[in-house]
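So the structure is just underneath, and the comments pick up after that.
Have a look at this one:
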């Protein structure tokens, strides 16, 4: 099997699961994963024969794709904010909308120095690593309730040569959070999908990504926003800001919650797709 025929084989094997363009994108990712060659190099060497090991890995990758496993979990990597990050089933796959949240914070932090930032529910570490990359003189901390997630985040920090202080903490446990210092900015992309919404989600999300990082009870969709907002009122410095990524259906509710807890100038912002996705509030 040559590089060219392998590419065609992948697109044909997953053609019923994805449209033509997405199938081709996935095939390119798999082929780079198998060969270590760029798209241009694969065109130049399209008649190169796959090794027995590459053929076996190709077979395993196609079987995983046909089970709806996200390609990022197959390759073990995902791109975020110009960084190739490690991912596995202990962490959510970073998404482009979250890059917009980071960019909002970076813009707000322009011309400010020695900021202390905290990310709550860090997962792969994508948010704090992107912040540290853009704001090198900032002190960046991050917490997560999952030791498996923190292992991934620490590995990513080492690979990117970025210093972030990662700690094992439960965002819903006030006693654990009480020991945190004060911060200029706090950010969180917490679980925000209600369990009833699971039925409308693609299986490649809920079937493989960690449910701990995805779902909240139907009867308490604002669970994490409430706990984190209360904590932020005591852990933010005066003039500090709290940022959230949100469920697109809960924008007004999150704004109302933050205003009721004393945040000022609460702002709801849409993402690149025109959906309510981010909220910011200032501590007076």
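Residue numbers (the UniProt record's numbering): 1 to 284.
Backbone N, C-alpha and C fix where the C-beta goes; we use that ideal spot for every residue, glycine too.
Exercise. What does a CB cutoff of less than 7 Å around residue 6 pick up in its chain, not counting 5 residues either side in sequence?
Worked result: 31, 50 and 58
Exercise. Are residue 165 and residue 188 touching if we call contact CB-CB under 8 Å?
Worked result: no
Problem set entry | CA-to-CA distance, residue 238 to residue 204, given in whole angstroms | Unreliable positioning characterises residue 204 in this predicted model, as indicated by a pLDDT of 49, which lies under 50. The coordinate reading is nonetheless provided below. Each residue's Cα considered, the two are about 42 Å apart.
For this session: With a threshold of 16 other CB atoms inside 10 Å of the CB of residue 119, please say whether the residue is buried or exposed.
Result: buried
Exercise. Do residue 86 and residue 132 come within 8 Å of each other at the CB atom, strictly closer than that value?
Worked result: no
For this session: Go ahead and label residue 173 buried or exposed: buried means 16 or more other beta carbons lie within 10 angstroms of its beta carbon, across all protein chains shown.
Result: exposed
Problem set entry | Euclidean distance between Cα positions of residue 263 and residue 97 | 24 Å
Exercise. Is residue 224 helix, strand or coil by DSSP?
Worked result: helix
Problem set entry | Per-residue burial, residue 14 [other beta carbons within 10 Å of its own, 16 or more giving buried] | buried
Problem set entry | Backbone secondary structure at residue 50 - three-state DSSP | coil
For this session: Within its chain, find whatever has a CB closer than 8 Å to the CB of residue 253; leave out the 5 residues flanking it on each side and keep chain order.
Result: 221 and 222
Exercise. Alpha carbon to alpha carbon, what distance is there between residue 146 and residue 232?
Worked result: 21 Å
Exercise. Taking the beta strand (DSSP E) that residue 166 falls in, what are its first and last residues?
Worked result: 165 to 168
Problem set entry | Beta-ladder partner(s) of residue 268, from DSSP | 279
Exercise. Can the beta-carbon of residue 269 be found less than 8 Å from the beta-carbon of residue 278?
Worked result: yes
Problem set entry | Collapsed DSSP secondary structure at residue 260 in the structure displayed | helix
Exercise. So the beta strand (DSSP E) residue 84 belongs to, where does it begin and stop?
Worked result: 83 to 86
Exercise. Sorry if obvious, but does the Cβ on residue 26 come closer than 7 Å to a heavy atom of the ligand SAM?
Worked result: Of the ligands one can find in the structure shown there are none, so the ligand SAM has no counterpart to examine.
Problem set entry | For residue 68, the three-state DSSP class (helix, strand or coil) | coil
For this session: For residue 89, count neighbouring C-beta atoms within 10 Å of its own C-beta (all shown protein chains included) and say buried if the count is 16 or more, exposed if not.
Result: exposed
Problem set entry | Endpoints, beta strand (DSSP E) assigned at residue 243 | 236 to 245
Problem set entry | The alpha helix (DSSP H) enclosing residue 35, as first and last residue numbers | 20 to 35
Problem set entry | residue 104 versus residue 65 - alpha carbon distance | 34 Å
Exercise. Does the beta-carbon distance from residue 101 to residue 245 come in below 8 Å?
Worked result: yes
For this session: Using the Cα positions of residue 4 and residue 29, report the straight-line distance between them to the nearest angstrom.
Result: 14 Å
Problem set entry | As assigned by DSSP and simplified to three states, the class of residue 140 | strand
Problem set entry | Residues that residue 105 bridges to, as DSSP identifies them | DSSP output for residue 105 lists no bridge partner at all.
Exercise. Which residue from 17, 267 and 158 puts its Cα closest to that of residue 276?
Worked result: 267
For this session: Count the other CB atoms, across all protein chains shown, that sit within 10 Å of the CB of residue 84; report buried if there are 16 or more and exposed otherwise.
Result: exposed
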